[in-house]
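What follows is a single structure, written as structure tokens, with notes after it.
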Amino acid sequence: MEVEMVMPQMGESIAEATISKWLKKPGDAVKKDEIILEISTDKVDSEIPAPASGVLKEVFYNEGDTVPVKEKIAVIETDAAAVQIPSKASAKEAKKEERKEVSDFQEKEVKRSLPAPEREEVSSRAGAKFISPVVRTLAQKHGVSEEELLAIRGTGSGGRVTKNDFLAYLERREKDEGRQKGEEAKVSLKVEEPEPSPTKPKEEAPSDSSGLPSLDWQSDGTKVVPMDNMRRLIAEHMVRSKRTSPHVYSVQEVDVSGIAKWRAKYKEEFKKREGFNLSFTPFFLEAAVKALLEFPYVNSSVEGNKIILKRNINLGCAVALGTSGLIVPVIKRAEEKNLVGLARALYDLATRARNKKLLPDEVMGGTFTVTNPGVFGTMIGTPIINQPQVAILCLGQIKKRPVVINDMIAIREICYLTLSYDHRIIDGALGGSFLKFIREYLEGWDQERTLY
193 MEVEMVMPQM GESIAEATIS KWLKKPGDAV KKDEIILEIS TDKVDSEIPA PASGVLKEVF
253 YNEGDTVPVK EKIAVIETDA AAVQIPSKAS AKEAKKEERK EVSDFQEKEV KRSLPAPERE
313 EVSSRAGAKF ISPVVRTLAQ KHGVSEEELL AIRGTGSGGR VTKNDFLAYL ERREKDEGRQ
373 KGEEAKVSLK VEEPEPSPTK PKEEAPSDSS GLPSLDWQSD GTKVVPMDNM RRLIAEHMVR
433 SKRTSPHVYS VQEVDVSGIA KWRAKYKEEF KKREGFNLSF TPFFLEAAVK ALLEFPYVNS
493 SVEGNKIILK RNINLGCAVA LGTSGLIVPV IKRAEEKNLV GLARALYDLA TRARNKKLLP
553 DEVMGGTFTV TNPGVFGTMI GTPIINQPQV AILCLGQIKK RPVVINDMIA IREICYLTLS
613 YDHRIIDGAL GGSFLKFIRE YLEGWDQERT LY
């Protein structure tokens, strides 16, 4: 029997995905739930498992191809005989090629069944060991060198290093952080010693003898850096949003001194019980939920000449992924969660987003988005609406500022909130009223409220 593999739907409004790497080739045996390819979208980089055990009979797209969702990408032959003799999956090929594939397959199986010492594996395969794009992206984010990557013992097919292998390695490395810092300090001292030598000016000079600059930059002083798949799709999504929605922006100043005081009172208790810090973001999420319940047209989408109101509030929360772009995991049914519930959901989704462990369903179905560039020092932002939504809330940096209260100058915790909204269905009055509701909700925070 043949089982078809199709390109999965990885997120709302995502119509296609790019094949980053095939980990199996036609004729290879596969097991159910074994990772056989990696794909990339503007939302997530994912490892795709086999839907059944058998032999990968045929693939219809190559690495680098962009494929529409639900399009057939491969076929797995589940016939028992085909599983035992992989070469039958390629019966149309010459007998010599069949024998080679069977031999290659048997050799791989033998290598998998005979574990070798870790350093032996590294030394014998260092030149050819495959590091997947997903793992390599994580390595760049966490500052893991190529040498360290090659030293990680993989549990995947043929010794391949999986995401779980890499994350387990990071945990082990953190436990040895103190010792490693000492080693890094020694290395740093050795590197810094020769810096005062006469070669330093040479390295900085844009001369042909400097080597690195002449290789990195073209003669006209430019360098071409191709967009990776995620960045390309983000760019397309942003341009499409600006073309679709006439953006309007409203900004209001919010005094969050009351929240800061209340948070300071409970943050130690929260950290002790939950295991992570209580940030300011969940307060804004709760205020946004209350405002969306009051102004349902902000929790909607547009289809042609129809406005689609959404009963549930599914909050998208933008999470930065460094140079890899950003992702917007979704807190489903946020109206059913209290402050602690929102904090838990946000922490869980953000942590797994940074570790590329989100499920496809967790980046789908958002009805309203909150982004917080304030953590990077941004005071005021004008974000682009996340289609097909009609508004996005931007949180500015919270900072102490002098303000006038009852004709007296006081020092208060102040931030700026920006609402970007679709002028097709949200006018200035509605946008301003929505922001005013959030401001008044935050400024009127009940100091007698308990945490749990």
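If you use our numbering, the sequence shown corresponds to residues 193 to 644, in order. Cβ atoms here follow ideal geometry from the backbone N, Cα and C, with glycine treated the same way. Small disclaimer: the values here were computed from a predicted structure and weren't measured.
Given a cut-off of 8 Å, decide if residue j and residue i are closer than it, judged by their beta-carbon atoms.
{"i": "residue 547", "j": "residue 359", "result": "yes"}
{"i": "residue 223", "j": "residue 238", "result": "no"}
{"i": "residue 613", "j": "residue 443", "result": "no"}
{"i": "residue 441", "j": "residue 610", "result": "yes"}
{"i": "residue 480", "j": "residue 585", "result": "yes"}
{"i": "residue 212", "j": "residue 230", "result": "yes"}
{"i": "residue 491", "j": "residue 502", "result": "yes"}
{"i": "residue 516", "j": "residue 422", "result": "yes"}
{"i": "residue 494", "j": "residue 617", "result": "yes"}
{"i": "residue 594", "j": "residue 550", "result": "no"}
{"i": "residue 268", "j": "residue 195", "result": "yes"}
{"i": "residue 266", "j": "residue 247", "result": "no"}
{"i": "residue 228", "j": "residue 216", "result": "yes"}
{"i": "residue 519", "j": "residue 236", "result": "yes"}
{"i": "residue 264", "j": "residue 218", "result": "no"}
{"i": "residue 430", "j": "residue 576", "result": "yes"}
Whose C-beta lies closer than 8 Å to the C-beta of residue i among residues of the same chain, with five residues either side of it excluded?
{"i": "residue 477", "result": "507, 509, 523, 526, 534, 538 and 562"}
{"i": "residue 455", "result": "470, 472 and 475"}
{"i": "residue 505", "result": "481, 484, 485, 491, 525, 526, 527, 559 and 560"}
{"i": "residue 376", "result": "Here residue 376 scores only 48 on pLDDT, less than 50, and its place in the model should not be relied on; the value that follows carries that caveat. Contacts found: none."}
{"i": "residue 635", "result": "446, 447, 448 and 450"}
{"i": "residue 174", "result": "With the chain represented from 193 up to 644, any question about residue 174 goes unanswered, as that position is not in the structure."}
{"i": "residue 545", "result": "511, 513, 519 and 521"}
For residue i, does the count of other Cβ atoms within 10 angstroms reach 16, so buried, or fall short, so exposed?
{"i": "residue 581", "result": "buried"}
{"i": "residue 417", "result": "exposed"}
{"i": "residue 404", "result": "The predicted model places residue 404 with a pLDDT of 39, which falls under 50 and marks its position as unreliable; any figure quoted below should be read in that light. Classification of residue 404: exposed, given that the 10 Å Cβ count is below 16."}
{"i": "residue 644", "result": "exposed"}
{"i": "residue 438", "result": "exposed"}
{"i": "residue 640", "result": "exposed"}
{"i": "residue 633", "result": "buried"}
{"i": "residue 467", "result": "exposed"}
{"i": "residue 619", "result": "exposed"}
{"i": "residue 383", "result": "Here the model assigns residue 383 a pLDDT of 42, short of 50, so the residue's position is not dependable and the matter cannot be decided."}
{"i": "residue 329", "result": "buried"}
{"i": "residue 233", "result": "buried"}
{"i": "residue 475", "result": "buried"}
{"i": "residue 427", "result": "exposed"}
{"i": "residue 621", "result": "exposed"}
{"i": "residue 415", "result": "exposed"}
{"i": "residue 354", "result": "buried"}
{"i": "residue 411", "result": "exposed"}
{"i": "residue 554", "result": "buried"}
{"i": "residue 529", "result": "buried"}
{"i": "residue 413", "result": "exposed"}
{"i": "residue 514", "result": "exposed"}
{"i": "residue 556", "result": "buried"}
When DSSP builds the beta bridges, which residues end up paired with residue i?
{"i": "residue 334", "result": "According to DSSP, which records beta bridges pairwise, residue 334 is partnered with nothing at all."}
{"i": "residue 593", "result": "604"}
{"i": "residue 210", "result": "232 and 258"}
{"i": "residue 442", "result": "611"}
{"i": "residue 501", "result": "492"}
{"i": "residue 241", "result": "227"}
{"i": "residue 264", "result": "198"}
{"i": "residue 652", "result": "In the structure as shown, the chain starts at 193 and stops at 644, and residue 652 therefore has no counterpart that could be examined."}
{"i": "residue 561", "result": "508 and 584"}
Please work out which residues of its chain come closer than 7 Å, Cβ to Cβ, to residue i, disregarding the five sequence neighbours upstream and downstream, and give them in chain order.
{"i": "residue 571", "result": "588, 589 and 608"}
{"i": "residue 566", "result": "587, 588, 589, 590 and 607"}
{"i": "residue 436", "result": "579"}
{"i": "residue 337", "result": "none"}
{"i": "residue 623", "result": "440, 442, 611 and 613"}
{"i": "residue 637", "result": "450, 451 and 454"}
{"i": "residue 362", "result": "334"}
What does a CB cutoff of less than 6 Å around residue i pick up in its chain, not counting 5 residues either side in sequence?
{"i": "residue 564", "result": "473 and 587"}
{"i": "residue 258", "result": "208 and 210"}
{"i": "residue 615", "result": "438 and 440"}
{"i": "residue 652", "result": "Here the chain has residues from 193 to 644 only, and residue 652 is not among them."}
{"i": "residue 458", "result": "643"}
{"i": "residue 487", "result": "626"}
{"i": "residue 631", "result": "444 and 446"}
{"i": "residue 348", "result": "354"}
{"i": "residue 339", "result": "none"}
{"i": "residue 433", "result": "576, 577 and 579"}
Does any CB atom of chain D fall closer than 8 Å to the CB of residue i?
{"i": "residue 606", "result": "Looking for chain D here will not work: only one protein chain is present."}
Three Cβ pairs or more, each shorter than 8 Å: is that satisfied between the segment 622-630 and the segment 481-500? yes
Answer yes if the segment 446-461 comes into contact with the segment 588-606, meaning at least three C-beta pairs across the two stretches below 8 Å, and no otherwise. yes
Pairing CB atoms from the segment 199-219 with CB atoms from the segment 241-256, are three or more of them under 8 Å? yes
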